[in-house]
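Using our numbering, you'd call the opening residue of the sequence shown number 967 and step up by one each time. In what follows, a single structure is set out as structure tokens and then discussed.
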Amino acid sequence: MCKLAQKSEKTLLIIFVPAFKNSDTLLKPVNMSTYEENESKFMRKAKENPFVPVGMAGFFAIVGYRLMKMKSRGDTKMSVHLIHMRVAAQGFVVGAMTLGVVYSMYKEYVVKPREQQKAVDHK
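Okay, here's the thing in structure tokens:
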């Protein structure tokens, strides 16, 4: 269960009522202004994983292009045209996600150990 205890402009306090009577775990208030002070949540997430906005932009570009091309689809059935549009958009998003995973693995397993090794060498 979740109860809304206090709401103001910058602080939102949510208290989770434990399911067990003997449990005394309550969450502390979260100050949202620290997260959203200078930038939006989307921009923060875009900095953490830069391939998310690329995937979204590609998805919307493909869908927009295929919707404009729908008028000149010729003898192709609409269902087939929509399936091709969906497959193209999904393929782009899956490709962007794959590149994002490869990029994060590169940072985690190649760049980070190099930096740690340099830090050890300088000591």
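Glycine included, every Cβ here is placed at the ideal spot set by N, Cα and C.
Beta-carbon gap between residue i and residue j smaller than 7 Å
i, j, result
"G1030", "A1062", "no"
"L1050", "R1039", "Rather than Leu, the amino acid found at residue 1050 in this sequence is His. Not closer than 7 Å, so no."
Selection from the options that minimises the alpha carbon distance to residue i
i, options, result
"G1024", "Y1069, S1006, E1074, G1057", "G1057"
"L1065", "P1019, M1009, K1035", "P1019"
Rounded Cβ spacing between residue i and residue j (contact assumed at less than 8 Å)
i, j, result
"R1032", "A1012", "Contact doesn't hold; Cβ gap of about 25 Å is too wide."
Neighbour-count burial assignment, residue i, 16 or more Cβ in a 10 Å radius
i, result
"F940", "No answer is possible for residue 940: the residues shown for the chain start at 967 and end at 1089."
"I1028", "buried"
"S989", "Because the pLDDT at S989 is just 48, under 50, the model does not fix this residue reliably, and the value given afterwards should be weighed accordingly. Exposed: under 16 other Cβ atoms inside 10 Å."
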